[in-house]
Structure formats: structure tokens, C-alpha cells
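J.:
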Amino acid sequence: MKKLAILINVLKVLISLSGVLMLIGWLVAPTFWAKPLSYLATIVLPYVPNLFKLAKIEFSLPLTLAYELFLVVAMVLGIDLNWYGEVLIAANNDSYYDKIVHFSSGVLVAAVGQELFLRYLRQSENHKTIRWFQALFIIGCVALVAVGWECYEFLYDQLCGGNMQELVKSGVSDTMWDMIVSMVGGVICTICIIYAQKPDKITK
Numbered sequence: 002m003k004k005l006a007i008l009i010n011v012l013k014v015l016i017s018l019s020g021v022l023m024l025i026g027w028l029v030a031p032t033f034w035a036k037p038l039s040y041l042a043t044i045v046l047p048y049v050p051n052l053f054k055l056a057k058i059e060f061s062l063p064l065t066l067a068y069e070l071f072l073v074v075a076m077v078l079g080i081d082l083n084w085y086g087e088v089l090i091a092a093n094n095d096s097y098y099d100k101i102v103h104f105s106s107g108v109l110v111a112a113v114g115q116e117l118f119l120r121y122l123r124q125s126e127n128h129k130t131i132r133w134f135q136a137l138f139i140i141g142c143v144a145l146v147a148v149g150w151e152c153y154e155f156l157y158d159q160l161c162g163g164n165m166q167e168l169v170k171s172g173v174s175d176t177m178w179d180m181i182v183s184m185v186g187g188v189i190c191t192i193c194i195i196y197a198q199k200p201d202k203i204t205k
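Residue numbers (my numbering): 2 to 205.
Below, the structure written as C-alpha cells:
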């Protein structure tokens, strides 16, 4: 586990460093490196798990590693280097890369929701697992993050003159498919979580 923690910390630094380098690139050549807010987000987002630690919420190392790897795929490659608009583009101009990332985000958020759910159960008096509530809680987390991200894309486009909602296809189509594939990923992950766990109780 110590090696895994070191790997996570190294990955955090590398992700932030990539954001710093691209931000410097924007200062030098703003017409080429044209996403300063995204570069700032790339610098900050790797340390979100540390903010949760300050609130005494600590996620498992495998989940934290999955989050950092997701940032590489979604932020560094997807947004900063524009893979959404250039990689795995279908004949109808749709982006398979974008949908893969949103599907993965659903899986990741479902895993986060599961760890938060287990934390709640361990702190409550009754440790019996209520599967329908567990599924509702996890899928609710996925839906909240999916909708929240699309709201962020919309506000970014409106306030900063970006085109996050129209990287490939029209805004409404892109938004709806992003939320749908996020939910599909979340539902699949939720089903796997519920049927893989013991049916009786969550232990302390």
C-alpha cells in the first residue's frame, strides 16, 4: 500500500505539472494554448482527495488512484489536449472518446458513492444493508455529478465563450448523451457492487 500511495502522489504532481506547463504555454502563445481555466483546474483537481481528508473523509487508495488516472484521461488528454474533438471521431461527427470518458465517470462516481455509503453505515447504529436505498444513494450520486458537470459546461460556454457543449455535436445532443452514458456506467457499477457484497451486514 505504501508503494501505491507513492504512485498516487507522483501522479498528482505530474498532473499538476502538466497544468502548470500548459498555463505557461498560454502566457507565451495564447492563440495555441487557449484554455487557461482548464489548465488551472488541472493544477488543482488532483488534490481534491486531500480536501476530503481535511473533512475527515478518506477514500481508499485504489479509488484515489482511479480518480487520478481519470483526470489524466478526462482533463489532461480530453480537455487540455483536445482529444474529445480529435480522437475516436465517428463518421457522424460524434466522439466515442467523450462517451467513454463519461461512461467511466459514472463508474467512478458510483464507486465513490459506495464508499460514502459504507462510511455512513459504519457510523450508524444499524449496520444492516438496505439494498434498494444503497442503489438509490449510489445512482443519485452519479446523477448529481453528471448533471453538475453538464451545468459547469453550460456556464463555462456562456460566461467564458467556450464550446465545451459543442466540441463535436450540437449542445443538446451532446449533453443528453453525456448524461445517459454516465448513468449507464453508474447503474452497471451499482449492480456489480450490490451483487458482489455479502447480503447480510456491513462490518465495522
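Where a beta carbon is used, it is the ideal one built from N, C-alpha and C, also for glycine.
Under the assumption that V113 contacts C142 (Cβ atoms under 8 Å), give the Cβ distance between them as a whole number of angstroms.
T.: About 7 Å; that satisfies the 8 Å criterion.
J.: Would you list the one or two residues that DSSP bridges to S183?
T.: None; S183 has no bridge partner.
J.: Considering just the uninterrupted stretch of the alpha helix (DSSP H) at P1, what are its terminal residues?
T.: The question about residue 1 has no answer here: the residues shown for the chain are numbered 2 through 205.
J.: Taking I80 as the reference, which of P50, T65, R120, A35 has the closest Cα?
T.: Selected option, being the one with the closest Cα: A35.
J.: For G1, which residues from the same chain have a beta carbon less than 6 Å from its beta carbon, with the 5 sequence-adjacent residues on both sides left out?
T.: The shown model of the chain, from 2 to 205, leaves out residue 1, and the question about it has no answer.
J.: To which residues does DSSP link S96 through a beta bridge?
T.: I90, per the DSSP bridge assignment.
J.: Only counting the same chain, and skipping five residues up and downstream in sequence, which positions put a Cβ closer than 7 Å to that of C161?
T.: Excluding residues within five positions, the ones whose Cβ falls inside 7 Å are L38.
J.: The alpha helix (DSSP H) that contains K13, what's its start and end?
T.: Segment 3-29, the alpha helix (DSSP H) holding K13.
J.: With DSSP run on the structure shown, which of helix, strand or coil describes S61?
T.: Reduced to three states, the DSSP call for S61 is coil.
J.: Less than 7 Å between the C-beta atoms of A136 and T191, yes or no?
T.: Closer than 7 Å, so yes.
J.: Within 10 angstroms of the Cβ of P63, are there 16 or more other Cβ atoms? Answer buried if so, exposed if not.
T.: By the 10 Å Cβ count, P63 comes out exposed.
J.: Helix, strand or coil: how does DSSP classify L82 here?
T.: Three-state result, L82: coil.
J.: Tell me whether the beta-carbon of Q115 lies closer than 7 Å to the beta-carbon of I139.
T.: Closer than 7 Å, so yes.
J.: Between the segment 100-113 and the segment 67-75, are three or more C-beta pairs nearer than 8 Å?
T.: Verdict: yes, contact present.
J.: Please list the terminal residues of the continuous alpha helix (DSSP H) segment that includes V77.
T.: Premise fails: V77 is in no alpha helix (DSSP H) and is neither H nor E.
J.: Is A67 helix, strand or coil by DSSP?
T.: DSSP places A67 in helix when its eight states are reduced to three.
J.: So, helix, strand or coil for W34, using DSSP?
T.: If DSSP states are grouped into helix, strand and coil, W34 belongs with coil.
J.: Nearest to I194 by alpha carbon, out of N83, M2, R132?
T.: Checked all of N83, M2, R132; the closest Cα to I194 is R132.
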